[in-house]
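Structure first, commentary second.
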Amino acid sequence: MSRPLRLGTRASKLALAQSGDVADTLTAATGREVELVHISTEGDRDRTTLLTQIGGTGVFVSALRDALLADQIDFAVHSYKDLPTAPADGLTIAAVPFRADPRDALISRDGLTLEKLPSGARVGTGAPRRVAQVLIARPDLVCVPIRGNVDTRMNKVSSGELDAVVLAVAGLARLGRATEITEALHPDVLVPAPAQGALAVECRADDAELVALLGAIEAPTARAEVTAERALLAALEAGCSAPVAAWASIDADQLTLRARVAALDGTSVLTDARTIPVPATYDSLHTDAGAVGRQLAADLLAAGADTLMGRTA
Ligand SMILES: NCc1[nH]cc(CCC(=O)O)c1CC(=O)O
-5 MSRPLRLGTR ASKLALAQSG DVADTLTAAT GREVELVHIS TEGDRDRTTL LTQIGGTGVF
55 VSALRDALLA DQIDFAVHSY KDLPTAPADG LTIAAVPFRA DPRDALISRD GLTLEKLPSG
115 ARVGTGAPRR VAQVLIARPD LVCVPIRGNV DTRMNKVSSG ELDAVVLAVA GLARLGRATE
175 ITEALHPDVL VPAPAQGALA VECRADDAEL VALLGAIEAP TARAEVTAER ALLAALEAGC
235 SAPVAAWASI DADQLTLRAR VAALDGTSVL TDARTIPVPA TYDSLHTDAG AVGRQLAADL
295 LAAGADTLMG RTA
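Take the sequence shown: its letter number 183 is residue 177 in my numbering, and every next letter is one higher.
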């Protein structure tokens, strides 16, 4: 009998839900037992500061990576959209499991859709990508920065403090709250964050046995979609600090990547897409997905994505 694998996780409800799902899927696929090890992060401890003020998305990730490198845990599950695009030394994303719904959701009072919210309605979201796109669709709405877990954010609508909030469909579904979604926003209206709805299963790169085991929960199409979206993000990060949205989907034999770069106030926006045929082999799919991401980023930069920069401060 081999010992249980140690899966490091934040103790938040969302992290526990997604780690628990991955643990169950891995055990079902391989027969290996998994135990959850709780790891706390700077982001969990500091509840008062806005996320954008404490170093952005990487903050939840580094404590788990430190625990991996110190051999306190064997693997970790991240919301892929929260991972910085730079790879981590000594670690590898050994699996990208089946992807959940990548869309954003509107949760609003009285069942009002984005189109039906009254002028001046207050929408809780501080994410530049969401703010810009809400204002593109509805320049007459007011976006209000908001922090806290999903429960806290949802409560601001039920209490009447806000008219609506925007949250990822995937997170709500993992918490069993998908029924409270008023409207799943069309991905052409609110183009999702790169890798939204996907998970990254990370372990030490030199742990060959575990890398091979985690291959049992790999979803090649999810990996290819996320690779295209994040290649675009990485290429744009160098040249442009505007909010970046990207959504790739594989449909039969084609991969389509759509992307949007917008000024934060929604007054200026670039939207573009590229479609490629899906190649036959896994390795070519991965290579081509990365290439289409870089090509679409180059298209956007050529169209002036970098000049949207000045409007985002
Ligand atoms: N930014 C926080 C975050 N990171 C991952 C999710 C859940 C969605 C996902 O797994 O992509 C959320 C909540 C949200 O954006 O509503």
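Glycine residues also receive a C-beta, built at the ideal position from the N, C-alpha and C atoms.
Asked                                                                                                                      : Found
Bounding residues of the alpha helix (DSSP H) (the contiguous stretch that carries E219)                                   : 214 to 233
Which residues DSSP lists as bridging Q248, in chain order                                                                 : D245, P271
Beta-carbon contacts of P186 that lie in its chain and below 7 Å, excluding the five residues immediately before and after : P96, R97, D98, A239, W241
Sub-7 Å separation of A189 and E155 beta-carbons                                                                           : no
Span separating the alpha-carbon of T3 from that of E174                                                                   : 26 Å
L294 versus L226 - alpha carbon distance                                                                                   : 10 Å
Identity of the residues DSSP links to H72 by a beta bridge                                                                : A194
Delimiting residues of the beta strand (DSSP E) encompassing S113                                                          : From DSSP, S113 is part of no beta strand (DSSP E); its letter is neither H nor E.
Cβ-heavy atom distance, D68 to ligand 1, below 6 Å                                                                         : no
Own chain, CB closer than 7 Å to H180, minus 5 neighbours either side, in chain order                                      : none
Three-state secondary structure (DSSP) of R254                                                                             : strand
For V272, the nearest candidate out of L251, G260, N143 (CA to CA)                                                         : L251
Exposure label - Q248; buried when at least 16 CB within 10 Å                                                              : exposed
Those residues which DSSP pairs with H32 across a bridge                                                                   : T3
Assigned secondary structure, L294 (DSSP; H/G/I helix, E/B strand, else coil)                                              : helix
Residues near I67 in its chain [Cβ-Cβ closer than 8 Å; skip 5 each side]                                                   : R0, L1, G2, V31, I33, L58, A61
Supposed close pair E219, S243 - CB separation, criterion 8 Å                                                              : 6 Å
Beta-carbon gap between L85 and A199 smaller than 7 Å                                                                      : yes
C-beta neighbour in chain D for T261, strict 7 Å                                                                           : Any reference to chain D falls outside this structure, which holds one protein chain only.
Bounding residues of the alpha helix (DSSP H) (the contiguous stretch that carries S152)                                   : 144 to 152
Cβ pair A194, A216 closer than 7 Å                                                                                         : no
Proximity test, A162 beta-carbon vs ligand 1 heavy atom, cut-off 6 Å                                                       : yes
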